[in-house]
């Protein structure tokens, strides 16, 4: 008989991940605050439950994929919580991008119930999730990590193990997002400098493609001004930069580049661009260089 | 009979480029301030000359590869200069990384003698130059660019044409170096944040390799602390950042990230690290986070 | 008969403020977590109480002067709290430097009990408090402000009224601290630049005195290296800068200068200088310029 | 018989300074590129000359007050120059705000002719110059400084002596301007933060007046939006910030706050505000916080 897993959080990322677990042969008990999002999985055989605690198989495994620290904490600390229901021997595979501090706090809380917290934030967009091509940053108790190995194999193309401290995986995940945010901001400055010097942004984006695929994608979006629909919403980028700065402050580590990114993203939100793709920070760089932005349509389809 | 080219500047980059032109069948007249550096090429048939002007075939082509704006200007404005000797129909292929302002000024100066200035700054380290794997950023008069096409084919794997304005190619080249400098500085912050949070820098560098080859190389150097011998000297990085900021100021373009890089590199020079690899800026990031740097040996072999 | 006031928080600032209220003829009921600090006031007739709630005269006035947002919230939300005891018609005069968000939240909370929250953060060091020379930033319900006017007259040399929104007074107070922090950081850069150019820091500090008394005091401390005992501890400066940045983020206002201050203060704490005077940030500026700091004695007397 | 002095440069600052020397009893030979500006002084008895060299009394004293480094260098290095005419025993009192590097270079150049270069940059606006209330930063050969003491007394309210190195006086003068620029930028951030939080900028400016007269003046200008006519043009502020950063780079001193000021001023120039008062940088701070600026009239009278 197939093993039953709980899965909480069926958003853009959670839904395809859950579907890949189902395809790999697991039985699922799924929970989402907005129930309608569970429909597709339910049709394929997943069992919908009406509160997070019911998703938990005693002594088994629950996956969570939620929006932010607060959403995850609320689910974990609810009364009764899925953690309590998991109980001794249970494992919580936490896929969300959250702060290392929250991860550490939750891990301690789980221990009281005999539950292992396995930090497993992932790299990859929804398409990568659908294709089971995520990369997983892993940290937590060795045995628990070993037990969920086959499940993680079903959802991604590989894992990176950062040891026992659950915070470690989240530090790494945040650093990864920081790397991309800095790439975006640097490209924005480069392309505006090019424009002010009469150099074609498109030609420059093309050249960049020879040197760095990571840079190429964002340079193309900026050169073409394709900020809608958003691949990654600007305001979510600000959330991640805030997590980086909080983590840096907590470990007393000055990050001046991250501070500049923070101010750039904040200005972009102040100007009403929170729902554009985060590469739209180039509009702010351009305005500070005296280039008037063309109006961006306020919605897309 | 083979065409004769002049080549001025036989340093780490110039020498292998000249050698590739020779292999491609061109006769060379070579000049270097330190004459001994011409020895290898001379043995293979290149003709050494005793001043830059003598390198110039009337109405032909001269390549230059010099250290900075000033060195190039001195060679171009000497009395008599190679530009004057080239005369009507001559072409100057300028490979150095210099400011767009200097390129534009020289192009104007050359016109008085009927000489075309072809801006051709290159991407690639000495090994890439030796393997004829450079990428060339190209700008200048269309006909001249067409004429030197076979020569550029002999030294690189491709060209990017940015039009007629000679400054354009240099803007692009500087943007490229800025992109790498920003990558280095961002990695430095990421790896120090990791270290302060108990995460292995080596494990993180490995993970980064999955996402961006450009980042991976520098992350590895930093994780291992291999700052000597320098792949690219820190003080040369400062020179490039200064060129970026000058170009930005001249075109009235604020680049706050570049300003932060400037201050980081300047601090590293102030601390005596000018001859280390430029990834050694991580030591300064670490010190600002309260991590004492181990002494770095002052020389290497 | 004299009016009885409650006073909670008898630290370096609270004690002299309470003493001035006593001298002005008010009877006091005083509370401090560390009871011994109430001794001096008790000898002069103040009545010590054993928990904050007991300090509150029903329908009367309570002053608080506590370390930070959290300390104030704990006191206000305790069960039973002094706010509940004050009850209908009561007034809470809140002297602490806290975030506007906390002030607004508390004001709402107080309303439920019929208590007016009068935000009254003060400018001035302990000596100014002792001399009744504080300046008070005032905000809150008009009637309540009018009622406490004679009390505020007894502790300061003047008030600035910023209207009804309790957050306003705290925004202004934080801006004032930000102004001084920026003054300190700018002086640090100026004096290090002077030193690197062979200019006497003492002569420069003297000259500055002709232009700005505010700058003069800090310049003198830096020129002489008098970082102990601390007039204002560096780590408290970091706390205030964090409050500024939180307030700026909450109102979506990028403050790039404040971000630079944050990183400078954080680096100073990372280097173990949290208990020095906050003008000791100059040591970090100097180190980044390649000047080795002399060891600072780790304690003082 | 009265001593004859040369005076070169009769702009907004030079003219009133020269007039005060005349009133103090000196005979003047005056030169200005635009001759008409010498008219007022000529009517009162000053002798106009047609080139700078003619202004120089052999073995005597020449004052210069010019716009920038380049203007001063051109005058000093002209053929024949006033320096050559001054000759052995001559003194050049250089009042302009220039870089220390230029001052040092000129001092060396002057020595060849036996002329002492006395660096004497001044603090004070045109009104202070007219009222003989300037402050003079002094550096140069001791004997020369002693000889010009009575002249400097006639134009200012005091001198600060920074020793023999002519660069020292200019470092100090630049630091002074940096102090004010940073004050302006900090106030801009404070007032925008206040505005975004519903606090009256006027009330805040008033409060600031209690703490720092230097801050008060600029806060008032910003609160009222009085950017025209300019007290000090924004683009001249950028010139001074550039001099600070050049001096910092030359002495390998990172100044992150000055870098932020640079970017703020550059953005303001990019947006077309070069001729507004430099306190108009607040408009850029406001725009980055999402506040639309009201159009500022493009000229004034």
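Protein chains in written order, with our numbering: chain D, 6 to 306; chain P, 6 to 306; chain Z, 6 to 306; chain S, 6 to 306. Just so it is clear, CB atoms sit at the ideal spot from N, CA and C, and this is done for glycine as well.
- Neighbours of residue 194 of chain S in chain Z, taken as residues at a C-beta separation under 7 Å, are given in chain order as 260, 262 and 263.
- Check the Cα spacing between residue 45 of chain Z and each of Z/226, Z/63, Z/19 and Z/80: the tightest is with Z/19.
- Against chain S, the beta carbon of residue 276 of chain D has neighbours under 7 Å at 295, listed in chain order.
- For residue 272 of chain P, the residues of chain Z that pass the 9 Å Cβ criterion are 292, 293, 294 and 295, in the order they occur in the chain.
- Within the region 10 to 83 of chain P, the runs of beta strand (DSSP E) that reach at least 3 residues and sit entirely inside it are, in chain order, 32 to 36 and 66 to 69.
- In the DSSP assignment, residue 118 of chain S falls outside any alpha helix (DSSP H), carrying neither H nor E.
- Excluding residues up to 5 positions away in sequence, 11, 67, 87, 90 and 91 lie with their Cβ nearer than 6 Å to the Cβ of residue 61 of chain S in the same chain.
- A straight-line Cα-Cα distance of about 41 Å links residue 175 of chain D and residue 256 of chain S.
- Residue pairing for residue 143 of chain D: DSSP places it in a beta bridge opposite D/166.
- Sequence-distant Cβ neighbours of residue 232 of chain S in its own chain, meaning closer than 7 Å and more than five residues away, are 281, 282, 284, 285 and 301.
- Within chain Z, the C-beta atoms nearer than 8 Å to that of residue 173 of chain S come from 202, 203 and 204, in chain order.
- One Cα belongs to residue 199 of chain Z, the other to residue 133 of chain D, and the distance between them is close to 55 Å.
- Per the DSSP secondary-structure output, residue 127 of chain D pairs in a beta bridge with D/141.
- Setting aside the 5 residues that flank it on each side, residue 74 of chain S is surrounded in the same chain by 103, 104 and 107, each with a C-beta closer than 7 Å to its C-beta; the list follows chain order.
- Distance from the CA of residue 137 of chain P to the CA of residue 236 of chain P, rounded to the nearest whole angstrom, comes to 18 Å.
- Around the beta carbon of residue 116 of chain P, a 10 Å sphere encloses fewer than 16 other beta carbons of the protein chains shown; the residue is thus reported as exposed.
- DSSP places residue 99 of chain P outside any alpha helix (DSSP H); the residue lies instead in the beta strand (DSSP E), whose first and last residues are 96 to 99.
- Note that the region 139 to 147 of chain P touches the region 115 to 129 of chain P; at least 3 beta-carbon pairs, one per stretch, sit closer than 8 Å.
- Each of Z/17, Z/258, Z/185 and Z/224 was checked against the Cα of residue 242 of chain Z, and the nearest Cα belongs to Z/185.
- One thing to note: residue 101 of chain P has its Cβ within 7 Å of the Cβ of residue 71 of chain P.
- Residue state for residue 278 of chain P is assigned as coil, using DSSP reduced to three classes.
- By the Cβ neighbour-count rule, residue 119 of chain P is exposed, with fewer than 16 other Cβ atoms within 10 Å of its own.
- Take residue 251 of chain P, set aside five residues on each side of it, and the residues of its chain with a beta-carbon closer than 8 Å to its own are 104 and 106, in chain order.
- Chain order gives the chain P residues near residue 268 of chain S as 259, 260, 261 and 264, where near means a beta carbon separation below 8 Å.
- A contact is defined here as three or more CB-CB pairs under 8 Å, and the region 150 to 168 of chain Z meets this definition with respect to the region 21 to 39 of chain Z.
- Taking the CA atoms as reference points, residue 253 of chain Z sits about 10 Å from residue 263 of chain Z.
- A check of alpha carbon separations from residue 209 of chain S across Z/238, Z/279, Z/246 and Z/168 identifies Z/168 as the nearest.
- Residue state for residue 181 of chain P is assigned as helix, using DSSP reduced to three classes.
- Looking at the backbone, the Cα of residue 170 of chain P and that of residue 219 of chain D are separated by about 29 Å.
- For residue 122 of chain S, there are no C-beta contacts with chain Z under 9 Å, since the nearest C-beta of that chain is about 17 Å from it.
- Under a 10 Å Cβ-count criterion, residue 148 of chain P is classified as exposed, with fewer than 16 other Cβ atoms of the shown protein chains found around its own Cβ.
- Bridge partners of residue 238 of chain S according to DSSP: S/282.
- Of the residues assessed, residue 293 of chain P falls on the buried side of the cut-off, its CB having 16 or more other CB atoms within 10 angstroms.
- By the neighbour-count definition (other C-beta atoms within 10 Å, threshold 16), residue 63 of chain D is an exposed residue.
- Taking the C-beta atoms as reference points, residue 145 of chain D is found nearer than 7 Å to residue 123 of chain D.
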